[in-house]
Amino acid sequence: MSARRSWADMRPGSPVCQVAAFLFWLPHRVWGQGFGGYTPPAPNCPAFSCPSGQLPVGKEDIEIVSYGCKEAGLNVLSMKDFDPSNPYAGMNQMGKNLNKCCLERDICKQTCGMSSKECHDSYQKCQQKVCKGDQNCQLQAMVADFSGDPYDTDKAEKFDDKKYDPMESKCRSYSAAQSAVCQCIPREEAQAANARKLQAFYKKFNPEKLSDSGEIKDVDEVWKKWKGKEASMFMALATKYKDKAVRIKEKPKPPPYEPPSTSKARQLPQYLQIVPPVDTC
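Going by the working numbering, 1034 is the number at position 183 of the sequence shown; the sequence numbering is gapless.
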């Protein structure tokens, strides 16, 4: 099977395609840099926007979902956690630690008003703290970052004639998540809408923060600290209560293989045609 036809069998941006491309690209970008961990630049995704006179506010009834990353797609062993008496323990522990990073990344993307850069930087900071320079751990973290997003809507799409847009691919899940969790509210009603969302959150996850009448306790202190930083407040709350506030979903299996047409194979972008064949794809 030729390199061109092998890559034509994969949709640009699909998890299988990304993993395969990443494994060929990794030695040049990671090992070639002194075998140090490569930190990809943050995507510059457009923020959720509203018409003039309105502001984006998080919806009250949104449920945060995540696949987590206990299994990032590669079973790699972290030597920093290696135990000769239990050689698989380190692998399991690494997955558990990285799972925290994936949960918090998804919380960020699904919090109205958080920027794509903030979510990216938060994930990178978390994985660096977990991995502590371990190359295998960093590899798993990188794979987990592009292969386990519940708002990546391209998984079932077909390979079509349009040109592949790398930025659109990077921003797809972030933009979809923000569209799902944000709503536009008249500017003068935004503060009240945020207060209702906070009340709803506490009622569901920590009722002790509410008075007997259902009002937020010490509400003046809350807004003194968080007014103008509501997105950061809701992210901090969801992160603190993530064991309750985040629903873990089972990652769906990829769709059945469908061979592409010859015409679409010929239209494969040049940067994919020069890669060696990947027959497993």
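C-beta: ideal position from N, C-alpha, C; glycine also.
Keep in mind that this is a model prediction, so the values were computed, not measured.
What is the rounded straight-line gap between the Cα of residue i and the Cα of residue j?
{"i": "serine 998", "j": "phenylalanine 1085", "result": "26 Å"}
{"i": "glutamate 914", "j": "asparagine 895", "result": "25 Å"}
{"i": "cysteine 1035", "j": "alanine 1046", "result": "15 Å"}
{"i": "leucine 1088", "j": "glutamate 1019", "result": "30 Å"}
{"i": "lysine 1048", "j": "cysteine 982", "result": "35 Å"}
{"i": "lysine 1006", "j": "proline 1105", "result": "No answer about lysine 1006 holds up, because its pLDDT of 49 lies below 50 and its placement is not dependable."}
{"i": "lysine 1075", "j": "aspartate 1069", "result": "10 Å"}
{"i": "lysine 910", "j": "tyrosine 1053", "result": "14 Å"}
{"i": "tyrosine 1092", "j": "proline 1110", "result": "45 Å"}
{"i": "methionine 993", "j": "isoleucine 1067", "result": "40 Å"}
{"i": "aspartate 1003", "j": "glutamate 1101", "result": "14 Å"}
{"i": "threonine 890", "j": "cysteine 970", "result": "14 Å"}
{"i": "serine 1064", "j": "proline 1058", "result": "11 Å"}
{"i": "serine 1001", "j": "valine 1032", "result": "According to the sequence as given, residue 1001 is proline; it is not serine. Those two C-alpha atoms are separated by around 13 Å."}
{"i": "glutamine 1050", "j": "glycine 984", "result": "41 Å"}
{"i": "arginine 956", "j": "aspartate 972", "result": "9 Å"}
{"i": "alanine 893", "j": "leucine 954", "result": "18 Å"}
{"i": "alanine 1096", "j": "glutamine 986", "result": "32 Å"}
{"i": "alanine 898", "j": "aspartate 912", "result": "21 Å"}
{"i": "lysine 921", "j": "lysine 1060", "result": "32 Å"}
{"i": "lysine 1055", "j": "proline 1103", "result": "28 Å"}
{"i": "cysteine 988", "j": "serine 1083", "result": "28 Å"}
{"i": "glycine 1079", "j": "threonine 1090", "result": "19 Å"}
{"i": "aspartate 1071", "j": "isoleucine 958", "result": "26 Å"}
On the DSSP bridge assignment, give the partners of residue i in chain order.
{"i": "glutamine 905", "result": "Pro1037"}
{"i": "leucine 1061", "result": "Ile1067"}
Start and end of the beta strand (DSSP E) containing residue i?
{"i": "serine 917", "result": "915-917"}
{"i": "isoleucine 1099", "result": "1097-1099"}
Below 8 Å between beta carbons: does that hold for residue i and residue j?
{"i": "threonine 1022", "j": "serine 967", "result": "Sequence inspection shows cysteine at residue 1022; the threonine mentioned does not correspond to that position. It is a contact, given that the beta carbons lie within the stated cut-off."}
{"i": "arginine 1098", "j": "valine 916", "result": "yes"}
{"i": "glycine 904", "j": "glutamate 1081", "result": "no"}
{"i": "tyrosine 974", "j": "cysteine 952", "result": "yes"}
{"i": "serine 1030", "j": "lysine 960", "result": "no"}
{"i": "leucine 949", "j": "glutamine 979", "result": "no"}
{"i": "leucine 906", "j": "alanine 995", "result": "no"}
{"i": "valine 908", "j": "alanine 1044", "result": "yes"}
Between which two residues does the alpha helix (DSSP H) harbouring residue i extend?
{"i": "cysteine 963", "result": "Looking at the DSSP string, cysteine 963 is not in any alpha helix (DSSP H), and its letter there is neither H nor E."}
{"i": "alanine 995", "result": "986-998"}
{"i": "alanine 1087", "result": "1081-1091"}
For the ligand MN, any of its heavy atoms closer than 7 Å to the Cβ of residue i?
{"i": "proline 894", "result": "This structure does not include the ligand MN; it has no bound ligands of any sort."}
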